[in-house]
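This report refers to the structure that appears directly beneath it.
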Amino acid sequence: MSSISPFQRITISNSEILDYPATWRILKNLGTYNLLPPHFEEPEIVDTHTMAPTLAFQALKESQPHNTAVALGKRILHLTTQKGLSVKACPGTNHMVCCQYHVINMISNCPFDCSYCYLQTYLNQPMTTIYVNEEDILSQVVSLCKTNQNLAGAFTAEGRTAGTRVGSASDNARCAGDKKQPFRIGTGELSDSLALDPITEFSKKLAFAMAEFENVRLELKTKSKNVEHLLDLPRKDHVVIAWSINPAEIIEREEHKTARFDERLRAAVLAAKAGFHVAFHFDPMIYCENWKEIYSSALDEIIKQLPQEKIQWMTIGGLRYQPQLKPIAYKRYPQTTLFEKDSVLAEDGKVRYLRTIRTQMFQFLYQKIKKDLPQTYTYLCMESKPVWENVVGHLPERSFSVS
Amino acid sequence: MWIRPSISYVDAGDSFLWGIESNIFSHSHSSLSRLHSVNVQAANVPADYAPDNKLWVWHPTGGTVLYESLPETIPVLCLQAPDEISAYGLYLKTSFRSLEPIDVEWVVALKVLQNRFLFDPTTKGLPPFWKETLIQTRLEPHLGFLAQRARYFFLSTQECVHLYRKRWDLNIFEILETWPMNIREKFLVVIQKWDLSAQQTKEDSYNLHLLIKKLGIKPTETFLNNTFKNVEEFRTSLTRMAQPELSKLSELRIDKLRALKLPPRTTVFGDPTFEKDALKITHTPRHVRDFELFKDWVVDPVVIEKVKDLLEVYHQ
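Line by line, the protein sequences are chains A and H.
Reminder that position 327 of the first sequence reads as 327 in the numbering used here, one-by-one numbering, no gaps.
Heads up: take any position in the second sequence, counting from 1, add 1000, and you land on the numbering used here.
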């Protein structure tokens, strides 16, 4: 938790928020980790509809990198309830191949500050928002797991579904024997899964809730080093802690406030030793002059430090962003080198490196992973059919679909 | 700074003095006399006209007009309001009612609010008459819409005027925020010289931004100072320097497409973003002869080779 500064304000949407046990647990943990605002007495009740424009106006007076509403929202911790569905299929992106992932949104906005973060153009409500009605959310999760548990027998060994392929060889055999389709669900869509987890303790609760479903994998996707609080989980083999990873130089330049490369790797080793499976997402790969060298070294370091059988899957994805991100990123981090390579606006409305460039980058890393970690299932995230065909050699089967 | 032409009394119609008419008649007879005496719709009022008896003037071409040296006479609208900020809100409401504002006008209106009145909407909410102004332009009467426009405070007067004249969206100029002013001024000159469209301006601004990042300020300035024969030469040079790989592929694609020498009523589309590697060939014959020519073209070995060539561009 060392990289996170204390929040400047703690707000709630109404007084009923104080009736939820999660609220008090979070406030207590904020105190434990010294993240409460100075002289904090009690949370303020705020009207969230007026907060966003207020922050937008306020941001005009702020210096870089605090000069946007989402940046200012990182300093405010807002506790509220999620009325609608908190668990849903990952929206993926139009016209691209999708991995049929499911996401649980218990937090929105992130204390980390990657210059390429899509939340900068995505969040209408900029505060760091935590949904405290965890019982409702957990019951949605359990219900979804039950539904997918009933899909047992939906795949066959030769089916080579994404589910079978994302598991390790032993998992595949076990699942094939049980004829249950592995089902992946994760929390890292609108925030980092573990950045605030020592405060919220949500991941533990999710892991408990999912433990009874043999075919379910909970993926906790992070750029943090926060794993210690999870080490005492009684069952760990259904939890995959996944690190979004980039070479140290890129982390230093673009992934502000996150754990350093070596810190993430140390946390991965700790998690693997404790009995968790781990995964790595080289996503987004970012172009620079020496990209081959630095991505190759980063992968070598992972392989050197972690037992292969502990690495459940790897993904590769390229930098992609909505066009409006570019001016925002430059406004906040003028020194960023993110956008300096030839790019085009793809069919899904996102800007990506030119296909030839990203194919070359993906091919390089994919082939190296295949060579050095032949047992590890590796796939591309949010990529088009032609890129899949050029990099992997074929399209994924079943479970993966073109959205 | 005010970018739209001043509103006339005639255009304003009944709404011109909306909300204060009763004040004039019931409480401020002397003010009404003054209104008549200065002949509002074509008023020539001395520049040193002093607010009197809560009768405030708002000059339609600028917020600082009362404080700077100006010609002796200036056109003004006289608005009855308790204070200058109310008069401004009333003017805005009246003006925006006569002609619906585009986004850049809201930026300008907000800038005046900030610079002249030092008004902070985050602590004071909407100023007088702004709620009605937002409602009459079919916008939600809260700060959300205005906050989005406030992001564009960085636009210069000249840039605002250009956006207004062209009726472009604000986002056409959004990348300019991080540029030094001298580059912005030169870019605006280029846009106006070559009469670039909104789409071209946006593309070129992103390419110019890449150039600034790659080469630095001075070489970019030198590039903009170059004399180009025409707009195509300017745009091609810019793309070549900013995105050389994309530019090379695009030029190859265009050359190969031209080399196909298409028969009548035939088109070949190859994705200019190179994301899709499938060509789309369409033929819409009007006469049988068209179709026969198309058939011959399709089976011509030379054409087949050229199509292969074109497809190879997509597989590089």
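Cβ coordinates follow ideal geometry from the N, Cα and C atoms, glycine included.
These figures come from a predicted structure and were not determined experimentally.
Of the residues A:67, A:216, A:338, the one whose Cα lies closest to the Cα of residue 289 (chain A) is A:338.
Taken atom to atom, the span from the alpha-carbon of residue 1185 (chain H) to that of residue 1156 (chain H) is near 9 angstroms. Put simply, the backbone Cα of residue 1278 (chain H) is about 8 angstroms away from that of residue 1311 (chain H).
Taking 7 angstroms as the upper bound on Cβ-Cβ separation, chain H lies near residues 384, 386 of the stretch 369-386 of chain A. Of the residues assessed, residue 1130 (chain H) falls on the buried side of the cut-off, its CB having 16 or more other CB atoms within 10 angstroms. Judged by their CB atoms, residue 268 (chain A) and residue 233 (chain A) are not nearer to each other than the 7 angstroms cut-off.
The continuous beta strand (DSSP E) containing residue 9 (chain A) extends over residues 9-12. At a cut-off of 7 angstroms between C-beta atoms, residue 1109 (chain H) does not count as an interface residue with respect to chain A.
Taking a beta-carbon distance threshold of 7 angstroms, residue 327 (chain A) counts as an interface residue toward chain H. Three or more beta-carbon pairs separated by less than 8 angstroms are not found between the stretch 297-307 of chain A and the stretch 330-349 of chain A, which leaves the two stretches without contact. Within the stretch 1235-1265 of chain H, complete alpha helix (DSSP H) segments of at least 4 residues are found at 1244-1259, given in chain order. Flagged as an interface residue toward chain A: residue 1122 (chain H), by a C-beta distance shorter than 7 angstroms. Nearest to residue 88 (chain A) by C-alpha distance, out of A:69, A:287, A:111, A:140, is A:140. Counting the other Cβ atoms within 10 Å of the Cβ of residue 1163 (chain H) gives 16 or more, which makes it buried. The alpha-carbon separation between residue 1242 (chain H) and residue 1272 (chain H) amounts to approximately 17 angstroms. Taking C-beta atoms as the reference points, residue 315 (chain A) and residue 277 (chain A) fail to come closer than 7 angstroms. Taking a Cβ-Cβ cut-off of 7 angstroms, the neighbours of residue 355 (chain A) in chain H comprise 1274, 1275, given in sequence order. At least 7 angstroms separates the beta-carbon of residue 341 (chain A) from that of residue 322 (chain A). Per DSSP, the beta-bridge partners of residue 379 (chain A) are A:315.
Rounded to the nearest angstrom, the gap between the Cα atoms of residue 1293 (chain H) and residue 1300 (chain H) is 10 angstroms. Straight across, the Cα-Cα distance linking residue 1182 (chain H) with residue 262 (chain A) is about 43 angstroms.
At a cut-off of 7 angstroms between beta-carbon atoms, residue 310 (chain A) makes no contact with chain H. In the three-state reduction of the DSSP assignment, residue 1290 (chain H) falls in the helix class. For residue 24 (chain A), there is no enclosing beta strand (DSSP E); the residue is found in the alpha helix (DSSP H) stretching over 21-32.
Against chain H, the CB of residue 119 (chain A) has no partner CB under 7 angstroms away; the residue lies outside that interface. The C-beta of residue 1178 (chain H) comes closer than 7 angstroms to at least one C-beta of chain A. Exclusion of the five residues before and after residue 345 (chain A) leaves 351 as the residues of its chain whose Cβ lies within less than 6 angstroms of its Cβ. Neighbourhood of residue 345 (chain A) in chain H, by CB distance below 8 angstroms: 1273, in chain order. In the three-state scheme derived from DSSP, where H, G and I count as helix and E and B as strand, residue 187 (chain A) is classed as coil.
For residue 1198 (chain H), not one C-beta of chain A is nearer than 7 angstroms to its own C-beta. Distance check between residue 1176 (chain H) and each of H:1167, H:1168, H:1154, H:1190 places H:1154 closest, using alpha-carbon atoms only. Pairing residue 310 (chain A) with residue 370 (chain A), the inter-Cα distance amounts to about 16 angstroms.
Secondary structure within the stretch 214-275 of chain A: the beta strand (DSSP E) runs of 3 or more consecutive residues, fully enclosed, are 216-222, 239-244 (chain order).
Listed by position along chain A, the residues whose Cβ is nearer than 8 angstroms to that of residue 1175 (chain H) are 326, 327, 330. Inclusion of residue 279 (chain A) and residue 240 (chain A) in the CB contact set at 7 angstroms is warranted, their separation being smaller than that value. At a cut-off of 7 angstroms, the C-beta of residue 54 (chain A) has a neighbouring C-beta in chain H.
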